[in-house]
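To start, the structure itself, in structure tokens.
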């Protein structure tokens with residue numbers, strides 16, 4: 562982008578370079594400077610495209626292009642992140658484009674995160690690319706970062722979530738989670754006094770600290786209550802707790818800080834039985850007041866069940882199920898199954914687990930839900 566100032570051409574050129582690397586590196590070996598190799602190849606792809614135009618071909622025949630300059634020792638990902646979140650774009654369009662261009666998520670993965678059809682998301686991304694092209698946005702870190710910050714934070718949050726709970730064949734994608742943490746660290750270095758930036762970094766660290774304990778030897782899902790807490794990353798937990806403890810008194814308090822506080826409560830409990838559920842219920846109540854996200858409502862229902870019992874929580878879930886964004890989502894059925902299991906209605910729980918398993922796109926989650934359905938059915942004696 563810095564050399565050619567053409568977003569679409571840069572995107573196509575990088576894809577060509579990645580394809581060339583996928584073909585050549587396994588055969589010829591990894592180059593000494595992989596990032597520099599990719600940028601040089603992408604640069605040549607852009608030049609090849611330019612040569613295909615007759616006027617430019619004549620000009621280049623008369624004045625051959627100079628060798629490409631040395632690869633600069635800097636990371637432009639944060640610049641690209643802010644550029645894609647330009648205020649000229651509607652926030653949903655900006656976030657979708659950034660997840661595609663910066664996060665590397667597929668259209669299917671992004672649509673899943675937004676709870677909308679894949680076709681709708683594809684149109685949204687195409688529309689955003691066109692607006693970027695027409696806007697002539699310069700490739701540099703913008704002065705008006707505040708106007709774009711909410712979208713940037715949301716993008717980083719979604720990239721991390723896709724890495725932590727992948728919608729694909731693997732339960733987790735450590736590369737995405739690590740990249741989200743890296744970029745959020747860079748953003749925190751840029752804006753150290755912003756409490757929500759600090760809260761998001763704390764949230765990621767406190768959540769990612771449990772990564773190694775979330776899967777078993779064969780990649781099977783292990784729920785939070787059954788995890789071996791000695792496998793949690795205590796260094797990451799300590800850093801996350803310190804960050805959120807410093808951010809909350811500064812204010813203003815936003816949803817990322819509240820979510821970080823929720824995860825701190827989980828991470829600081831020595832065992833599942835020691836979890837402070839009344840405090841979690843209070844925090845989820847605060848979070849619900851800040852966000853109309855139906856996933857928050859589901860988590861609130863689980864916390865409510867742990868404090869007031871599953872029957873009352875099932876009543877809450879009935880209201881949540883009227884939200885069209887989540888009415889057919891596997892997570893709704895999984896939570897309902899869990900609450901029915903707690904209430905002793907194992908036959909109904911088995912059916913809900915079965916429905917949830919049929920609707921998730923995560924293979925490990927599907928296996929886990931299928932196993933829970935079988936267990937509930939066995940307890941029910943049917």
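In the numbering used here, the protein residues as written are 562 to 943.
Every residue gets a Cβ at the ideal spot worked out from N, C-alpha and C, and that includes glycine.
#### Entry: Nearest to residue 769 (by Cα), restricted to the options 827, 712 and 566
The candidate whose alpha carbon is nearest that of residue 769 is 827.
### Task
Identify every residue that forms a DSSP beta bridge with residue 782.
Answer is 776, bridged to residue 782.
### Query
What is the DSSP secondary structure of residue 860, reduced to helix, strand or coil?
Note: residue 860 maps to helix in three-state DSSP.
### Rounded Cβ spacing between residue 800 and residue 766 (contact assumed at less than 8 Å)
Confirmed, about 5 Å.
#### Entry: residue 574 - containing alpha helix (DSSP H), residue span
Residue 574 -> alpha helix (DSSP H) spans 568-589.
### Query
In whole angstroms, what is the alpha-carbon distance linking residue 628 and residue 782?
Its pLDDT being 49, under 50, residue 628 is placed unreliably by the model, and the measurement read from it follows with that caveat. Whole-angstrom Cα-Cα distance: 51 Å.
### Message
Rounded to the nearest angstrom, what separates residue 834 and residue 860 at their Cα positions?
### Response
Cα-Cα distance, rounded: 18 Å.
#### Entry: Selected residue, minimal CA-CA separation from residue 764, among 789, 916, 738 and 603
Of all alpha-carbon atoms in 789, 916, 738 and 603, the one lying nearest the alpha-carbon of residue 764 is that of 738.
### Message
Could you check whether the region 881-888 touches the region 901-916, counting it as contact only if at least three pairs of C-beta atoms, one from each stretch, sit closer than 8 Å?
### Response
Of all C-beta pairs linking the region 881-888 to the region 901-916, fewer than three are shorter than 8 Å, placing the two stretches out of contact.
### Query
DSSP on residue 594, reduced to helix/strand/coil?
For residue 594, the secondary structure class from DSSP, reduced to helix, strand or coil, is coil.
### Task
Mind checking which residues open and close the alpha helix (DSSP H) that includes residue 727?
Annotation for residue 727: no alpha helix (DSSP H) segment contains it, and DSSP assigns it neither H nor E.
### Task
Give every residue of the same chain whose Cβ lies closer than 7 Å to the Cβ of residue 567, excluding the five residues on either side of it in the sequence, and list them in chain order.
There are no such residues.
### Query
My guess is that residue 569 and residue 690 are in contact by the Cβ rule of under 8 Å, so how many angstroms apart are they, rounded?
Between residue 569 and residue 690, the beta carbon gap of about 7 Å places them in contact (Cβ cut-off 8 Å).
### Query
To the nearest angstrom, how far is it from the Cα of residue 589 to the Cα of residue 602?
Going from the Cα of residue 589 to the Cα of residue 602 covers about 15 Å.
### Query
Would residue 576 be called buried (16 or more neighbouring beta carbons within 10 Å of its own) or exposed?
Classification of residue 576: exposed, given that the 10 Å Cβ count is below 16.
### Task
Leaving out five residues on either side along the sequence, give the residues of the same chain with a beta carbon under 6 Å from the beta carbon of residue 794.
Counting only Cβ-Cβ distances below 6 Å, and skipping sequence neighbours, we find 770.
### Message
I'd like to know whether the C-beta atoms of residue 761 and residue 817 end up nearer to each other than 8 Å.
### Response
Yes.
### Query
Which class does residue 879 belong to by DSSP, given the choice of helix, strand or coil?
Looking at residue 879 - three-state DSSP - the assignment turns out to be helix.
### Message
Is the beta carbon of residue 639 closer than 8 Å to that of residue 659?
### Response
Their beta carbons are not under 8 Å apart, which means residue 659 does not touch residue 639 by this criterion.
### Message
Please classify residue 709 as buried or exposed, where buried requires at least 16 other C-beta atoms within 10 Å of its C-beta.
### Response
Around the C-beta of residue 709, 16 or more other C-beta atoms lie within 10 Å, and the residue is accordingly described as buried.
### Task
Would you kindly work out how many angstroms separate the C-alpha atoms of residue 858 and residue 873, rounded to a whole number?
Going from the Cα of residue 858 to the Cα of residue 873 covers about 14 Å.
### Task
Taking residue 693 as part of the alpha helix (DSSP H), name the residues at either end of that continuous run.
Looking at the DSSP string, the run of the alpha helix (DSSP H) that includes residue 693 is 679-696.
### Assigned secondary structure, residue 753 (DSSP; H/G/I helix, E/B strand, else coil)
Assignment of residue 753 by DSSP, reduced to helix, strand and coil, places it in the coil class.
### Task
Mind reading off the beta-carbon distance from residue 740 to residue 674? Whole number of angstroms is fine, and I expect it under 8 Å.
Actually they are not in contact, since the Cβ atoms of residue 740 and residue 674 sit about 16 Å apart, beyond 8 Å.
### Query
With C-beta atoms as the reference, is residue 792 less than 8 Å away from residue 773?
Against a cut-off of 8 Å, the Cβ pair of residue 773 and residue 792 comes out as a contact.
#### Entry: Proximity winner among 820, 653, 565 and 682, relative to residue 694 (alpha-carbon distances)
Restricting attention to 820, 653, 565 and 682, the CA atom closest to the CA of residue 694 is found in 565.
### Query
Can you tell me the Cα-Cα spacing of residue 574 and residue 604, whole angstroms?
Computed Cα separation, rounded: 7 Å.
### Task
Quick one: using the 10 Å Cβ neighbour count with 16 as the cut-off for buried, is residue 914 buried or exposed?
Under a 10 Å Cβ-count criterion, residue 914 is classified as buried, with 16 or more other Cβ atoms of the shown protein chains found around its own Cβ.
### Message
Taking only three categories from DSSP, how would you classify residue 758?
### Response
Three-state result, residue 758: helix.
### Query
In chain order, which alpha helix (DSSP H) runs of at least 4 residues are fully inside the region 865-936?
Listed in chain order, the complete alpha helix (DSSP H) runs (minimum 4 residues) inside the region 865-936 are 871-881, 891-904 and 907-920.
### Query
Would you report the Cα separation of residue 630 and residue 607, rounded to the nearest angstrom?
Residue placement at residue 630 is flagged as unreliable, the pLDDT there being 48, under the threshold of 50; the coordinate-derived value follows with that caveat. If you draw a straight line from the Cα of residue 630 to the Cα of residue 607, it is about 14 Å long.
### Query
Among residues of its own chain, excluding the 5 on either side of residue 579, which ones have a beta-carbon nearer than 8 Å to its beta-carbon?
Correct list, in chain order: 599.
### Message
So for residue 938, helix, strand or coil by DSSP?
### Response
Note: residue 938 maps to helix in three-state DSSP.
### Task
Take the Cβ of residue 933 as the centre, count every other Cβ of all protein chains shown within 10 Å, and call the residue buried at 16 or more, exposed below.
Result: buried.
### Query
Taking just the CA atoms, how far does residue 939 sit from residue 919?
Going from the Cα of residue 919 to the Cα of residue 939 covers about 19 Å.
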